[in-house]
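Trainee:
Numbering (the numbering used here), first residue to last: 200 to 784.
Next comes the structure, spelled out in C-alpha cells:
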C-alpha cells in the first residue's frame, strides 16, 4: 500500500513491471529503484521479473543491514596477504557487483554514513581504496535496489541515496504479472546506444519536472534515460510520446512537490502569427511531427499527475515544511556539534577562530609527512612548519534539551474512571524528567477548552502543584487539548529543544473545536488535530486511561503517529519504559 507522504506514486501494475524491465536494460544509467512494501509475493515477483530479464551471469549481490566498510568497500585480505608476504586487496560487495545489481535489505534503516559511501561509489563508478596500506581503484558500476520496509512516513531510505535511484515504487498488495525475457532485454541493451531523442521531448520532460516542483537535476536526466530505455525495449530507434509518458509516470510522479498551475490561471497567450509562405514545404516534409512542445509538456505533466495518489502532494508539502523547520530550529533528539562543550567526537579541518579548540596531536600528525618538503622550500623556517591546511579542531557534540508536554484529560468521563491514577502516572514521569534535566509542560482539557496549566519549565515542584489542583468534570474537548500541545511543541522546536508529547485520555471526545457538543464532530476534529502532530514528527505516547481500552483512543494514537499504551496494563516500569521508547534516540 502507498504510505501517505512517502512520495511513492500510484503506478499501475503494468508500470511497475515496466520499471523492472527498464532497470534490467540500463541498471547503471538509471541508478536503481526504491521498493517500498513489506516482504511478500509482490516484492518477490518484481525482483524475479527483473532478474529473469538480466543477461545470464549478471552479478547479483545482497547488502545486509549494518554491513562493515571492509565488506562494503573491500580491504586487506589477511590470509592472502600472509601467504603472499605482501598486501593483497579483497574486493567488497560494491566492486563484486560491477555491471550488475546490489540488493540493499531494510534500506530505510541504513546508516547515513553507509549511504554516503554508496553514493560516492555510484558517482565515481569505482571504489577508490586508500586504506590498510592499499591503494587501488576498482570498477563498481551497478544498479541498486533499495528494499524499503518502512511503515511510518518518516521511515524512508536516506534522501541522498533515494535521489540517485530513478524509480520510487510502492508495491501493490498482490503480485504483478511478470513479463519480458533476458533475450528481449539483451536486444534492448544492444539497441540502447543508438536510440535518439528529439530536443522537444527532452525540453518537455525538463519543463514537466519544473512544473511539478522538482529541483533535483537528476530527475529529468533519469526521465530521459527511462524514455530511451523504453524505446529500446520496444525496438524503436526514436523515443515516442508513449515512452516519454511512461518516463514521466515512473520518474517524475514520485518526486513531485507541488501541483502545476492550472491552464486557466496562466496569462492568455497572444494568437500565433501565421507562418510565412516559404515554410510550407518544410512543414510538408514533417507531417507526423506530433503535438507542439507546449502540448507535449502538458501531456507529460498530466501523465505524472495521474500517477499521484490522492492527497499525496499536500502531505509532502506539510512534511517537508516540518522537516526544514526542524532542521533549522532543532530536531527531535538532535545532536549538535558545538565548539566548546559536549562529548568529544573527533576532529575536523578548520581555522582557529573564536571558541575553536585546537587538536594539537592531530594537527602535528597531519603536518608531519610534509616536513622534508617544507624544509627544502624554507630551510631557515621553524623546526616544525605547520600550515593552515594542517590545522585540526576538536569537535564536541551535545544533545538538545527535551520538553516533555503532558496533556491530561480532566473531563467528567476521565474523572469518573481513573483521573487520580493518571495524575500519579504523570508525577512518576515528572520525576524521570527531573533526573534527565528535561523541561516539562502541563496541558489540561475539560469543559469547553484546553488550558495550559504550566508553560515549559524545569521546576518539578511547579509541575506537581499544577496537577494537584486540577479538578475533574465536564465534557471532553480532545481536539483543543491536542492543538494546545502542538502549539507548545512548535514553540519548543523554535527554541531549539526536543518536544515529547504524552497524552493521557480515555478517548471519549464529545466537544468539537467550535464548542458545540456531538461525538461525531468531536471525533473528526480530534483526528484532524492529530495529523499535524504526525507530520511534524513529534515523538508521542498516548496512554488510554479508560478501564477498558477504547477503540477511538487507539485511532487517535495511529493518526498522530504515537505509541499506544492502555493504562490498565501500564505499571510504573512499563509506563516509564514506554516514555523512554518514545524519546528520540
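Note that beta-carbon positions come from the ideal geometry of N, C-alpha and C, so glycine has one too.
Being a predicted model, the structure only gives us computed values, none of them experimental.
To the nearest angstrom, report how far apart residue 357 and residue 306 are at their CA atoms.
Mentor: Those two C-alpha atoms are separated by around 8 Å.
Trainee: In angstroms, rounded to a whole number, what distance separates the CA positions of residue 727 and residue 684?
Mentor: About 14 Å.
Trainee: When you compare only the Cα positions, how much space is there between residue 392 and residue 699?
Mentor: Computed Cα separation, rounded: 55 Å.
Trainee: If you draw a straight line from the C-alpha of residue 355 to the C-alpha of residue 433, how long is it?
Mentor: Each residue's alpha carbon lies about 33 Å from the other.
Trainee: Looking at the structure shown, is residue 607 part of a helix, part of a strand, or coil, going by DSSP?
Mentor: Looking at residue 607 - three-state DSSP - the assignment turns out to be strand.
Trainee: Please classify residue 650: does DSSP put it in a helix, a strand, or coil?
Mentor: Strand, per DSSP.
Trainee: Output the distance between the C-alpha atoms of residue 296 and residue 383, rounded to the nearest integer angstrom.
Mentor: Going from the Cα of residue 296 to the Cα of residue 383 covers about 22 Å.
Trainee: Between which two residues does the beta strand (DSSP E) carrying residue 262 extend?
Mentor: 259-262 is the span of the beta strand (DSSP E), which, as asked, contains residue 262.
Trainee: So the alpha helix (DSSP H) residue 561 belongs to, where does it begin and stop?
Mentor: Counting along the chain, the alpha helix (DSSP H) containing residue 561 begins and ends at 559-566.
Trainee: Could you tell me whether the Cβ atoms of residue 705 and residue 656 are closer together than 8 Å?
Mentor: In this structure, residue 656 does not lie closer than 8 Å to residue 705 by Cβ.
Trainee: Once you ignore the five residues that flank residue 580 on each side, which residues in its own chain have a CB closer than 8 Å to its CB?
Mentor: Here the set comprises 573, 574.
Trainee: Using three-state DSSP, classify residue 399 as helix, strand or coil.
Mentor: Of the three classes helix, strand and coil, the one that applies to residue 399 here is helix, per DSSP.
Trainee: Just to confirm, are residue 251 and residue 318 a CB contact at a threshold of 8 Å?
Mentor: Cβ distance not < 8 Å, so residue 251 and residue 318 don't count as in contact.
Trainee: Are the beta-carbon atoms of residue 820 and residue 758 separated by less than 8 Å?
Mentor: There is simply no residue 820 to check, as the chain begins at 200 and stops at 784 in what is shown.
Trainee: Which runs of the beta strand (DSSP E) fall wholly inside the stretch 672-760 and span at least 3 residues, in chain order?
Mentor: The stretch 672-760 contains these whole beta strand (DSSP E) runs: 697-704, 739-743.
Trainee: Whose C-beta lies closer than 7 Å to the C-beta of residue 388 among residues of the same chain, with five residues either side of it excluded?
Mentor: Here the set comprises 224.
Trainee: Write down every uninterrupted run of the alpha helix (DSSP H) in the stretch 209-279 whose length is 4 residues or greater and which is fully enclosed by it, in chain order.
Mentor: Listed in chain order, the complete alpha helix (DSSP H) runs (minimum 4 residues) inside the stretch 209-279 are 212-224, 226-229, 240-252, 268-271.
Trainee: Kindly indicate which three-state DSSP category residue 357 falls into: helix, strand or coil?
Mentor: Three-state result, residue 357: coil.
Trainee: Between residue 749 and residue 409, what straight-line distance do the alpha-carbon atoms span, to the nearest angstrom?
Mentor: For residue 749 and residue 409, the distance between alpha carbons rounds to 47 Å.
Trainee: Rounded to whole angstroms, what is the Cα-Cα separation between residue 259 and residue 227?
Mentor: Each residue's alpha carbon lies about 13 Å from the other.
Trainee: State the Cα-Cα distance for the pair residue 287 and residue 418, rounded to the nearest angstrom.
Mentor: Residue 287 and residue 418: Cα-Cα distance of roughly 40 Å.
Trainee: On the three-state DSSP scale, how would you describe residue 309?
Mentor: Coil.
Trainee: Please return the same chain residues whose Cβ sits closer than 7 Å to the Cβ of residue 279, not counting the five positions on each side in sequence.
Mentor: Answer for residue 279: 287, listed in chain order.
Trainee: I want to know whether the stretch 438-452 touches the stretch 257-276 - three or more CB-CB distances under 8 Å.
Mentor: No, the stretch 438-452 is not in contact with the stretch 257-276.
Trainee: Going by C-alpha distance, which of 710, 654, 365 is nearest residue 674?
Mentor: It is 710 whose Cα lies nearest to the Cα of residue 674.
Trainee: So residue 739 and residue 703 are in contact, right, with Cβ under 8 Å, and what is the actual spacing, rounded?
Mentor: Contact doesn't hold; Cβ gap of about 12 Å is too wide.
Trainee: Using only CA atoms, which one of 373, 720, 210, 423 lies nearest to residue 397?
Mentor: For the residues 373, 720, 210, 423, the minimum Cα distance to residue 397 belongs to 423.
Trainee: Could you give the first and the last residue of the continuous alpha helix (DSSP H) run that contains residue 571?
Mentor: Segment 570-576, the alpha helix (DSSP H) holding residue 571.
Trainee: Among the residues of its own chain, which have a CB less than 6 Å from the CB of residue 678, if the five just before and after it don't count?
Mentor: For residue 678, where only same-chain residues beyond five positions count, the Cβ hits under 6 Å are 712, 724, 725, 728.
Trainee: Just checking my contact of residue 562 with residue 589 at CB under 8 Å: how many whole Å lie between their CB atoms?
Mentor: Correct: roughly 6 Å between the Cβ atoms.
Trainee: Run through the DSSP bridge pairs and tell me what residue 328 is partnered with.
Mentor: In DSSP, residue 328 forms a bridge with 335.
Trainee: Can you list, in chain order, the residues of its chain with a C-beta nearer than 6 Å to that of residue 637? Leave out the 5 residues immediately preceding and following it.
Mentor: Excluding residues within five positions, the ones whose Cβ falls inside 6 Å are 601, 603.
Trainee: According to the Cβ coordinates, are residue 446 and residue 394 closer than 8 Å?
Mentor: No. Outside cutoff.
Trainee: Taking the alpha-carbon positions, what's the residue 567 to residue 593 distance?
Mentor: Rounded to the nearest angstrom, the two C-alpha atoms are 19 Å apart.
Trainee: Count the other CB atoms, across all protein chains shown, that sit within 10 Å of the CB of residue 218; report buried if there are 16 or more and exposed otherwise.
Mentor: By the neighbour-count rule (16 or more Cβ atoms within 10 Å), residue 218 is buried.
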